[in-house]
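Trainee: Have a look at the structure that comes next, please.
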Amino acid sequence: MQGVDAVVVGAGFGGLYMLYRLRELGLTVRVIEAGSGVGGTWYWNRYPGARCDTETMQYSYSFSPELQQEWRWTEKFAGQPEILAYANHVADRFDLRRDITFNTSVVSATYDEEHDRWSVVTDADETIDSRFVFMATGCLSTARMPDFPGMSSFNGRTYHTGHWPHEGVDFAGRRVAVIGTGSSAIQSIPMIAQQAKHVAVFQRTPNYSIPARNVPMTDDYERQWKSDYPALRQQQKRTRTGILNGLNDVSAMAVSDDERQRQYEQRWLTGGTTFMASFNDLVTNKDSNHTAAEFVRQQIKATVRDPAVAELLTPRDYPIGTKRICADTAYFETFNRDNVTLVDIRKAPIDRIVADGIVAAETTHAVDDIVFATGFDAMTGALLKVDIRGRGGVSLRDKWNAGPRAYLGIATAGFPNLFMITGPGSPSVLSNMIVSIEQHVEWLTDCIRHMQNCQMHVIEPTLAAEDAWVEHVNKAAHRTLYPSAASWYMGANIPGKPRVFMPYIGGVGRYREECDEIAAKGYEGFTLAPAGGAPVAAPRAL
Ligand code: NA7
C-alpha cells in the first residue's frame with residue numbers, strides 16, 4: 008500500500024491547481040482521474056457547440072502572471088476544444104502529469120481513526136494511504152440519464168452530452184431526438200440541426216436564454232485585459248459572481264420604463280448572461296425580475312416565426328435566472344428551420360422508448376439517434392458516488408441523507424482532513440468556477456501551511472460551526488427568488504433527492520471575506536489536533 012500526504016480526486020481545474028499548491032507545500036500527492044486526460048468538465052462535455060458562457064479572459068487561472076500573459080484565447084467565449092487545450096497546456100507547463108493516475112476512479116475513502124489516515128481505494132484495486140483527501144470532483148460531473156421504459160429496446164444510437172464520444176458524432180442524414188432544453192441542449196441543438204436530416208426537441212421546461220454574441224478575440228480587447236490583469240483579477244474576486252459584468256447597481260424598480268427597456272436592449276445586444284446584471288435586484292425582487300423575464304419573452308416572440316412554437320418556448324412559470332440562465336448562438340432562430348420540431352412533453356410526457364423512436368402522448372416520433380441533454384446529479388452526485396466513511400464508519404451518504412451539510416462548503420464534521428473544492432455551501436455554480444476554485448485552493452493551502460506551522464495533524468469542523476453555516480446558507484437562499492424554481496440548484500431534477508438550495512448565494516466577495524475572517528481567527532469553527540493528540544479548538548496562528 009502506497010503512502011502519500013494527499014490524494015486529490017479529479018484532474019479538472021480544481022484538481023490541477025490543488026496539486027500545484029500542495030507540491031509547493033512539499034507534500035507528496037497522488038491525483039486520481041477517471042478520464043484519460045485532464046480538464047474535468049471540458050474533458051467530458053464535448054458535444055457540438057459546448058462553450059463557456061463566462062468570458063474567457065475572466066474564465067482562466069490568475070495564479071500565474073506568466074501563464075495569463077502567454078496564453079492567447081481566440082474567442083470572447085472560448086469553445087470546449089480550446090478550454091481543454093488550455094487545461095492540457097497548464098498540466099504540461101507546470102509538469103503536473105507525473106502525479107496524475109488517469110483512467111482510474113476512486114470507489115471509497117475510509118478514515119482510520121487510530122492512525123488518523125485515509126484509506127483510498129480505486130477501481131484498479133489499489134489502496135492508497137493518505138493523510139489528506141481533496142475531493143475536486145466537480146459540481147456537474149455525474150451525468151443524469153433518465154430511466155424511460157424500453158430504453159434498451161432502442162435500435163439507434165444514444166448519447167449523453169456529458170459523455171460525448173471523443174471522435175465526435177456525424178449526424179448527417181439522421182433523424183435526431185434531443186431530450187432536454189437546458190444549457191447543453193441550447194448550445195448543441197443549433198449545431199446538430201445544421202447537420203441532421205431532422206431534429207425533434209423534447210422540451211419539458213422552456214428556458215430563458217440570452218444570445219452570446221460570441222466574437223473572435225481582438226488584439227485590442229486582449230491587450231485591455233492583459234495590460235491590467237492584476238487589478239482586474241482583484242476586482243473580480245470582490246464581485247458577487249466572480250465576473251466583471253458591469254453590474255448596474257440600482258433596482259429595476261428605481262428607473263423609468265424607458266430607461267429599463269434601454270438597459271435590457273443594450274445588454275441583449277452586447278450578449279451573454281451578464282444580462283442578469285442589468286439591475287441589482289433581478290434575483291431578489293419579484294417585480295424587477297418580472298420586467299427582465301418579460302423582456303426576454305418578447306424577444307422570443309419576435310424571433311420565432313410560428314406563434315404556437317414561440318409560446319411553447321416561452322418560460323412563464325419561474326423567475327428568470329432562478330434556473331441556470333443560458334447563453335446561446337441562434338437557439339430560438341433554429342426553431343424557424345424546416346428540419347426542427349418542438350415536442351411539448353410537459354403536457355404529454357415521454358411514455359416509453361421503442362425500437363425506432365420515442366413515444367409521447369401515444370404518438371411515436373421515429374428517430375435514428377437520441378441525444379440526452381438531461382443534465383447532472385449536481386453538486387453532491389460525484390461526492391456521494393464515492394463511498395466516503397468518516398469517524399465511527401459513518402458514511403457521507405447517510406450523513407447527507409436530508410441534504411448536504413458542510414462548513415463553508417469545504418469540510419464536513421466527522422470527516423477529518425477531507426476537503427471539497429467548491430462543495431455544497433460555497434458559491435460554486437453561482438459563480439465563475441475558476442475564481443471560486445482558486446479561492447478554495449488558496450484558502451486550503453494557507454490552512455495546511457498553518458497546520459504545518461502549528462504542528463497540527465488533523466483538522467475538522469465542529470458540528471456547531473457546520474450547523475450555523477448551513478443555516479446561514481439557507482437564510483441567504485431564502486432572501487432570493489431562487490428556491491421558487493424546480494432547479495438542479497435545489498436538487499429538483501433528481502427523483503428522491505432532498506430539496507435543499509445547495510450553493511451559497513452570499514456572493515464570492517462576501518464569501519471570501521467570511522473565509523478569511525475564519526482563518527484570521529485561527530480557523531474558527533474547526534478543531535485541530537496534533538498527531539495522536541487530543542483535539543484543541545482553533546488555536547491562534549503561531
Ligand atoms: P440541465 O440544465 O439540468 O438541463 C437538463 C434538461 O433536461 C432540462 O431541460 C430538463 O428539464 C431535461 N430533463 C431532465 N430529465 C428529463 C426527463 N426525465 N424527461 C424530460 N426532460 C428531462 O443540464 P445541462 O447539461 O443542460 O446543463 C447543466 C449545466 O452545465 C449548465 O447549467 C451549465 O452550468 C453547464 P426540466 O428543466 O428538469 O424540466
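Using the working numbering, you'd call the opening residue of the sequence shown number 8 and step up by one each time. From the three backbone atoms N, C-alpha and C, an ideal C-beta is built for every residue, glycine too.
(1) Report the start-end ranges of each alpha helix (DSSP H) in the stretch 36–105 that is 4 residues or longer and not cut off at the edges.
(2) How far does the alpha helix (DSSP H) with V140 in it reach, from first residue to last?
(3) Given this structure, state the Cα-to-Cα distance separating N252 from Y93, to the nearest angstrom.
(4) Around the C-beta of G539, are 16 or more other C-beta atoms found within 10 angstroms, so that it is buried, or is it exposed?
(5) Does any heavy atom of ligand 1 sit closer than 7 Å to the C-beta of A192?
(6) Bridge partners of I360, per DSSP?
(7) May I ask you to check if the CB of W407 is nearer than 7 Å to at least one heavy atom of ligand 1?
(8) Considering only the beta carbon of each residue, do G382 and H372 sit closer than 8 Å?
(9) Pick from N439, M198, S285, T310: whose alpha carbon is nearest that of N346?
(10) Could you check if R547 is buried or exposed, using at least 16 other CB atoms within 10 Å of its CB as the buried criterion?
(11) Based on DSSP bridge pairs, tell me the residues matched to A334.
(12) So, is S263 buried or exposed, given that buried needs 16 or more other C-beta atoms within 10 angstroms?
(13) Might you give, ordered along the chain, the residues of its own chain that have their beta carbon closer than 7 Å to the beta carbon of L549, omitting 5 neighbours on each side?
(14) Which residues in the same chain as E369 place their Cβ atom closer than 6 Å to its Cβ, once the five residues preceding and following it in sequence are excluded?
(15) For the pair the stretch 209–227 and the stretch 273–287, tell me if three or more CB-CB distances fall below 8 Å.
(16) Could you check whether the Cβ of I186 sits closer than 7 Å to any heavy atom belonging to ligand 1?
(17) Spatial neighbours of P542 within its chain, please: C-beta separation below 8 Å, excluding the five flanking residues on both sides.
(18) In chain order, what residues of the same chain have a beta carbon less than 6 Å from the beta carbon of V316, not counting five sequence neighbours either side?
(19) Output the boundary residues of the alpha helix (DSSP H) element that contains D345.
(20) Relative to the C-alpha of T117, which candidate in G529, D523, P423 has its C-alpha closest?
(21) In terms of residues, what are the limits of the beta strand (DSSP E) holding G10?
(22) What does DSSP give as the partner residue(s) for R124 in the beta ladder?
(23) Could you tell me which residues DSSP puts in a beta bridge with L390?
(24) For a test of your reading of the model: does the CB of L320 fall under 7 Å from any non-hydrogen atom of ligand 1? Yes or no.
(25) With 16 other CB atoms within 10 Å as the buried threshold, where does S43 fall?
(26) Alpha carbon to alpha carbon, how far is T108 from L32? Give it in angstroms, no decimals.
(27) Go ahead and label K330 buried or exposed: buried means 16 or more other beta carbons lie within 10 angstroms of its beta carbon, across all protein chains shown.
(28) With a threshold of 6 Å on Cβ separation, who are the neighbours of W125 within its own chain once the five nearest residues in sequence on each side are excluded?
(29) What separation, rounded to the nearest whole angstrom, lies between the Cα atoms of Q273 and Q306?
(30) Using the C-alpha atoms, what's the distance from E82 back to M224?
Mentor: Looking at the coordinates:
(1) 48–51, 72–77, 87–100
(2) One-based indexing of the sequence shown puts residue 140 at position 133. V140 -> not in any alpha helix (DSSP H); beta strand (DSSP E) instead, spanning 134–142.
(3) Position 245 of the sequence shown holds residue 252. Position 86 of the sequence shown holds residue 93. Using only the alpha carbons, I get a separation of about 23 Å.
(4) Locating residue 539 in the sequence shown gives position 532, where the first residue counts as 1. G539 comes out exposed.
(5) One-based indexing of the sequence shown puts residue 192 at position 185. Yes, the beta carbon of A192 sits closer than 7 Å to at least one heavy atom of ligand 1.
(6) As a position in the sequence shown, residue 360 is number 353, starting the count at 1. Paired residue(s): I365.
(7) The residue labelled residue 407 in the question sits at position 400 within the sequence shown. Not under cutoff, so the answer is no.
(8) On the sequence shown, position 375 is the one that residue 382 refers to. On the sequence shown, position 365 is the one that residue 372 refers to. Taking 8 Å as the Cβ cut-off, G382 and H372 do not qualify as a contacting pair.
(9) Taking the sequence shown and counting its residues from 1, the one referred to as residue 346 is at position 339. The shortest Cα separation from N346 among N439, M198, S285, T310 belongs to M198.
(10) As a working mapping, residue 547 is identified with position 540 in the sequence shown. Model confidence at R547 stands at a pLDDT of 47, short of 50, so the residue's coordinates are unreliable and nothing is read from them.
(11) By one-based count along the sequence shown, residue 334 stands at place 327. A334 is bridged to I217.
(12) Within the sequence shown, the letter at position 256 stands for residue 263. Exposed.
(13) Position 542 of the sequence shown, counted from the start, is the residue given in the question as residue 549. Residue placement at L549 cannot be trusted, given a pLDDT of 36 that sits under 50; the coordinates are not used to answer.
(14) Residue numbering aside, residue 369 sits at position 362 when the sequence shown is read from its first letter. Nothing listed; no residue qualifies.
(15) The stretch 209–227 is in contact with the stretch 273–287.
(16) By one-based count along the sequence shown, residue 186 stands at place 179. Indeed, a heavy atom of ligand 1 lies less than 7 Å from the Cβ.
(17) Here residue 542 refers to the residue found at position 535 of the sequence shown. Same-chain partners within the cutoff: V465, E467, T534, L535, A536.
(18) What you label residue 316 is simply residue 309 of the sequence shown in a count that begins at 1. Excluding residues within five positions, the ones whose Cβ falls inside 6 Å are F342, L349.
(19) Position 338 of the sequence shown holds residue 345. Careful: D345 lies outside any alpha helix (DSSP H) and carries neither H nor E.
(20) On the sequence shown, residue 117 is found 110 positions in, with the first residue counted as 1. For T117, the closest C-alpha among the options G529, D523, P423 is that of P423.
(21) Here the question's residue 10 lines up with position 3 in the sequence shown. Looking at the DSSP string, the run of the beta strand (DSSP E) that includes G10 is 9–16.
(22) The count along the sequence shown starts at 1 and reaches residue 124 at position 117. Its beta-bridge partners are D119.
(23) Working through the sequence shown from its first residue, we reach residue 390 at position 383. Per DSSP, none; premise fails for L390.
(24) Translated into the one-based positions of the sequence shown, residue 320 becomes position 313. For ligand 1, not one heavy atom lies less than 7 Å from the Cβ of L320.
(25) Locating residue 43 in the sequence shown gives position 36, where the first residue counts as 1. Around the beta carbon of S43, fewer than 16 other beta carbons sit within 10 angstroms, so the residue counts as exposed.
(26) As a first step, residue 32 must be located in the sequence shown, where it is residue number 25. As a first step, residue 108 must be located in the sequence shown, where it is residue number 101. When rounded, the distance between both Cα atoms is 21 Å.
(27) Residue 330 sits at position 323 when you count from the first residue of the sequence shown. K330 is buried by the Cβ-count criterion.
(28) Here residue 125 corresponds to residue number 118 of the sequence shown, with the count starting at 1. Counting only Cβ-Cβ distances below 6 Å, and skipping sequence neighbours, we find A116, Y118, S137, V140.
(29) Taking the sequence shown and counting its residues from 1, one reaches residue 273 at position 266. Taking the sequence shown and counting its residues from 1, one reaches residue 306 at position 299. Using only the alpha carbons, I get a separation of about 13 Å.
(30) Position 217 of the sequence shown, counting from 1, holds the residue named residue 224. Position 75 of the sequence shown, counting from 1, holds the residue named residue 82. Between M224 and E82, the C-alpha separation is close to 4 Å.
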